[in-house]
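Some notes on the structure that comes next.
2 protein chains.
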Amino acid sequence: MKLATLKDGSRDGQLIVVSRDLKTACIANGIAPSLQRALDDWNFIAPQLDELYTRLNAGRAVNSFDFVAEKCMAPLPRAYQWADGSSYVNHVELVRKARNAEMPESFWHDPLMYQGGSDDFIGPCDDIVLASEEWGIDFESEIAVITGDIPMGEKVQYAGEHIRLLMLVNDVSLRNLIPSELAKGFGFFQSKPASSFSPVAVTPDELGEFWKDGKVHLPLRSTWNGNLVGQPNAGVDMVFSFPQLITHLCKTRNARAGTIIGSGTVSNKDASKGFSCIAEKRALEMIATGEPVTPFMRFGDTIKIEMLDKNGKSIFGAIEQSVVETDSVN
Amino acid sequence: MKLATLKDGSRDGQLIVVSRDLKTACIANGIAPSLQRALDDWNFIAPQLDELYTRLNAGRAVNSFDFVAEKCMAPLPRAYQWADGSSYVNHVELVRKARNAEMPESFWHDPLMYQGGSDDFIGPCDDIVLASEEWGIDFESEIAVITGDIPMGEKVQYAGEHIRLLMLVNDVSLRNLIPSELAKGFGFFQSKPASSFSPVAVTPDELGEFWKDGKVHLPLRSTWNGNLVGQPNAGVDMVFSFPQLITHLCKTRNARAGTIIGSGTVSNKDASKGFSCIAEKRALEMIATGEPVTPFMRFGDTIKIEMLDKNGKSIFGAIEQSVVETDSVN
Chain A
505 MKLATLKDGS
515 RDGQLIVVSR
525 DLKTACIANG
535 IAPSLQRALD
545 DWNFIAPQLD
555 ELYTRLNAGR
565 AVNSFDFVAE
575 KCMAPLPRAY
585 QWADGSSYVN
595 HVELVRKARN
605 AEMPESFWHD
615 PLMYQGGSDD
625 FIGPCDDIVL
635 ASEEWGIDFE
645 SEIAVITGDI
655 PMGEKVQYAG
665 EHIRLLMLVN
675 DVSLRNLIPS
685 ELAKGFGFFQ
695 SKPASSFSPV
705 AVTPDELGEF
715 WKDGKVHLPL
725 RSTWNGNLVG
735 QPNAGVDMVF
745 SFPQLITHLC
755 KTRNARAGTI
765 IGSGTVSNKD
775 ASKGFSCIAE
785 KRALEMIATG
795 EPVTPFMRFG
805 DTIKIEMLDK
815 NGKSIFGAIE
825 QSVVETDSVN
Chain B
505 MKLATLKDGS
515 RDGQLIVVSR
525 DLKTACIANG
535 IAPSLQRALD
545 DWNFIAPQLD
555 ELYTRLNAGR
565 AVNSFDFVAE
575 KCMAPLPRAY
585 QWADGSSYVN
595 HVELVRKARN
605 AEMPESFWHD
615 PLMYQGGSDD
625 FIGPCDDIVL
635 ASEEWGIDFE
645 SEIAVITGDI
655 PMGEKVQYAG
665 EHIRLLMLVN
675 DVSLRNLIPS
685 ELAKGFGFFQ
695 SKPASSFSPV
705 AVTPDELGEF
715 WKDGKVHLPL
725 RSTWNGNLVG
735 QPNAGVDMVF
745 SFPQLITHLC
755 KTRNARAGTI
765 IGSGTVSNKD
775 ASKGFSCIAE
785 KRALEMIATG
795 EPVTPFMRFG
805 DTIKIEMLDK
815 NGKSIFGAIE
825 QSVVETDSVN
């Protein structure tokens with residue numbers, strides 16, 4: 505099943521069901537007004553949405569219309585929790601190596617995870633509005649899951665059962681603000697502005713054989729200013745699976761329906777697969793030549809993030825955004 | 505105006521208006537079902553709630569009933585954002601001094617702020633359920649504001665206008681998990697389980713002359729196992745006012761209606777005012793004798809957090825909780 509949220513002027517938007525080929529959609533009339541409401545009562549609502557999805561794919565849905573990603577908000581335009589892991593430890597090691605910082609061995613078995621702002625997500629094709637290029641604007645291409653309710657202390661063997669939907673994320677990062685924020689120990693805060701998500705959230709069964717062991721085994725494609733700069737396989741070198749990230753999150757607390765958990769920047773040890781964020785490219789340059797040469801994003805830059813199935817068809821639709829300067833800064 | 509959220513089996517509870525003396529309440533029938541919905545459209549909804557509040561205080565509200573804090577959820581049982589500052593820098597300095605760590609001078613002008621989990625808040629009289637005393641269970645008594653929409657880059661002189669409501673918070677902390685979490689730089693994460701809030705949220709005008717310069721100028725009382733252990737004045741030694749915390753939060757992003765911002769543990773330089781968290785008491789012992797002697801909370805311990813007006817009447821109602829052991833741990 506594929507779900508999206510249409511811009512309708514409201515804060516939570518209008519839940520729609522999207523066809524498997526992303527060509528048509530229909531409003532989930534009389535089922536649930538918003539994705540959060542569907543997640544709040546998933547076991548009752550999901551079968552009804554799924555039935556509509558079947559009709560839509562068969563061309564039998566009443567009042568279906570063309571699906572247009574630009575008209576979408578993030579599947580959850582606002583969420584009660586956004587916790588982002590850092591599962592591709594290779595990425596962490598590289599970035600640290602570039603600044604001559606050793607990575608603690610514990611990072612290989614104790615996940616890094618930070619709490620992100622979740623009140624104001626950006627739509628898949630909306631601008632990334634920021635005040636200054638000096639902040640070191642970077643994209644980060646990731647996978648994320650949306651969960652149901654999870655009890656505190658959930659065991660890893662049951663954790664995967666709470667995964668309701670999958671999405672792609674652009675976890676926008678402000679590289680030049682990160683060092684001073686992390687030095688405080690309190691997390692990224694100002695260095696992580698609003699994130700954007702793929703037009704469509706999909707149930708795990710949509711990935712078929714490529715959803716295995718709590719990981720997505722397909723390449724994640726990042727295209728920066730029209731050039732494909734990365735296509736690492738999200739199932740390779742992911743040290744912590746989504747069920748492992750869930751148990752980390754829930755060690756000392758419950759997580760409630762609509763929780764979004766991110767994988768961290770997808771990264772393969774095989775450097776020929778390219779990069780999913782500029783920081784990693786710069787780290788490789790730093791290690792090779794002692795100097796990073798690739799600049800961070802400039803106003804006007806574009807970023808496209810997408811995942812294709814084995815037939816080359818887009819699964820989630822594409823995140824496709826421009827970086828734009830705001831003129832209201834304090 | 506005073507607002508609260510009644511337990512009704514739903515995730516967001518039932519919005520109620522509470523009388524100034526906290527004795528009676530009535531359901532905000534036909535106005536707004538939940539506090540979040542009221543915040544989403546505050547300028548339209550708040551005057552209607554205020555009119556009901558006036559009738560309730562005059563004893564003219566239809567279907568009013570006795571107000572019982574135990575029947576309340578947190579005013580926002582789940583929120584889209586919970587960002588907690590650390591405005592009482594004295595507290596930070598003390599805790600660091602106790603472990604022989606110097607505090608960077610920048611902490612006096614650049615606020616510390618972390619993103620907390622906001623999907624599963626605890627009601628004011630609900631148990632604090634945790635798996636292990638070994639985690640070093642501590643309370644933290646704080647003030648918090650709930651805001652409306654705030655644009656990115658908002659200026660400090662306008663920031664205060666976005667404050668809709670004030671509450672008290674118990675920002676429960678797991679002291680023995682903090683060092684390893686902060687060492688990662690990614691924030692408190694596992695060391696900050698679910699927070700609890702006062703039964704009632706109040707508009708700033710309810711504080712009268714005691715709401716000034718974006719600070720609450722009244723003592724915050726913490727009673728641990730029946731003993732009053734702290735009553736520092738929340739208006740004293742608060743280095744960053746709430747408007748300043750808001751501008752910090754919004755430097756690189758918007759904040760949306762229902763954002764909760766915390767003051768950090770209230771702490772006065774005058775040690776005779778006592779403490780608002782055990783860590784501070786232990787820090788003072790460490791500095792004085794080289795050894796902390798006060799243990800953290802044990803299962804069965806109670807904590808009461810309250811603020812009284814100049815006539816000794818409770819403003820927000822009391823947070824009044826027990827620490828309880830869970831038996832489901834992974």
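Those sequence lines, one after another, are chains A and B. The first sequence begins at 505 in my numbering and counts up by one. The second sequence begins at 505 in my numbering and counts up by one. For every residue, glycine included, the Cβ atom is placed at its ideal position computed from N, Cα and C. If you're wondering where the values come from, they're calculated on a predicted model, not measured in any experiment.
task = Give the C-beta separation of Ser776(A) and Leu724(A) to the nearest angstrom, bearing in mind that I take them to be a contact with Cβ-Cβ under 8 Å.
result = Between Leu724(A) and Ser776(A) the Cβ distance is about 15 Å, and since that is not below 8 Å, they are no contact.
task = Go ahead and label Pro799(B) buried or exposed: buried means 16 or more other beta carbons lie within 10 angstroms of its beta carbon, across all protein chains shown.
result = exposed
inquiry  = Relative to the C-alpha of Asp623(B), which candidate in Glu597(A), Gly768(A), Asp544(A), Val572(A) has its C-alpha closest?
reply    = Asp544(A)
task = Consult DSSP for Gly689(B) and reduce its assignment to one of helix, strand or coil.
result = coil
ask   = Any Cβ of chain B within less than 8 Å of the Cβ of Tyr592(A)?
value = no
ask   = Going by other Cβ atoms of all chains shown within 10 Å of its Cβ, with 16 needed for buried, is Lys719(B) buried or exposed?
value = buried
request  = Could you tell me which chain B residues have their CB closer than 8 Å to the CB of Ser568(A), listed as they occur along the chain?
outcome  = Near Ser568(A) there are no residues of chain B at all, since even the closest Cβ is about 30 Å away, more than 8 Å.
request  = Check Pro796(B) in the structure and name its three-state DSSP category.
outcome  = coil
ask   = Thinking C-alpha only, which one of Ser677(B), Leu669(B), Tyr557(B), Ala761(B) is nearest Trp639(B)?
value = Ser677(B)
inquiry  = Using only the alpha-carbon positions, how far apart do Ser826(A) and Lys511(A) sit?
reply    = 19 Å
query = Closer than 9 Å, Cβ to any Cβ of chain A: which residues of the stretch 746-761 of chain B, in chain order?
reply = Thr751, His752, Leu753, Cys754, Lys755, Thr756, Arg757, Asn758, Ala759, Arg760, Ala761
ask   = Hey, Cys629(A) and Ala573(A): beta-carbon distance below 8 Å or not?
value = yes
query = Should the stretch 580-600 of chain A be regarded as contacting the stretch 731-744 of chain A, the criterion being three or more beta carbon pairs within less than 8 Å?
reply = yes
task = For Ile750(B), count neighbouring Cβ atoms within 10 angstroms of its own Cβ and tell me buried if that reaches 16, exposed if not.
result = buried
query = Once you ignore the five residues that flank Leu556(B) on each side, which residues in its own chain have a CB closer than 6 Å to its CB?
reply = Val521
query = Beta-carbon of Phe690(A) versus every beta-carbon of chain B: anything under 8 Å?
reply = yes
Helix, strand or coil at Leu749(A) [DSSP, three-state] = helix
query = In chain A, which residues lie with their C-beta within 9 Å of the C-beta of Asp805(B)?
reply = Per Cβ cutoff of 9 Å: no residues; Asp805(B) is ~17 Å from chain A at best.
query = Using 8 Å as the threshold, is the stretch 758-777 of chain B in touch with the stretch 652-670 of chain B, meaning 3 or more CB pairs across them?
reply = yes
query = Applying a beta-carbon distance threshold of less than 7 Å, which residues of chain B neighbour Leu543(A)?
reply = The premise fails here: Leu543(A) is roughly 10 Å from chain B at the closest Cβ pair, so nothing lies under 7 Å.
ask   = What are the start and end residues of the alpha helix (DSSP H) that includes Ala663(B)?
value = 660-663
key: Where Ile791(A) falls, given that 16 or more other Cβ within 10 Å makes a residue buried   = exposed
task = Measure from the alpha carbon of Met671(A) to the alpha carbon of each residue in Asn731(A), Met577(A), Asn547(A), Ser514(A), then state which is nearest.
result = Met577(A)
task = Please name the residues in the stretch 808-825 of chain A whose beta-carbon is closer than 9 Å to at least one beta-carbon of chain B, in chain order.
result = none
query = If we cut at 8 Å on Cβ distances, does Met617(A) have a partner in chain B?
reply = yes
request  = Spatial neighbours of Ile632(A) within its chain, please: CB distance less than 6 Å, with the 5 preceding and 5 following residues excluded, ordered by chain position.
outcome  = Val676, Gln825, Val827
request  = Figure out for me which residue from Pro708(A), Asn731(A), Ser700(A) has the closest Cα to the Cα of Phe779(A).
outcome  = Asn731(A)
request  = Determine the extent of the alpha helix (DSSP H) in which Arg541(A) is found, giving its start and end residues.
outcome  = 539-544
query = Quick one: what's got a C-beta closer than 7 Å to Glu637(B)'s C-beta in the same chain, skipping five residues either side?
reply = Arg802, Phe803
task = For Pro697(A), decide whether its Cβ has a neighbour in chain B, counting only Cβ atoms nearer than 8 Å.
result = yes
ask   = DSSP state of Asn834(B), grouped into three classes?
value = No answer about Asn834(B) holds up, because its pLDDT of 39 lies below 50 and its placement is not dependable.
key: Proximity winner among Asn561(A), Asn758(A), Leu634(A), relative to Leu507(A) (alpha-carbon distances)   = Asn561(A)
task = Would you be able to state if there are at least three C-beta pairs under 8 Å between the stretch 699-708 of chain B and the stretch 814-824 of chain B?
result = yes
key: C-alpha gap between His752(B) and Gln694(A), whole angstroms   = 8 Å
ask   = By DSSP, does Ser677(A) sit in helix, in strand, or in coil?
value = strand
inquiry  = At a CB distance below 8 Å, what residues from the stretch 641-658 of chain A approach chain B? Give them in sequence order.
reply    = Pro655, Met656, Gly657, Glu658
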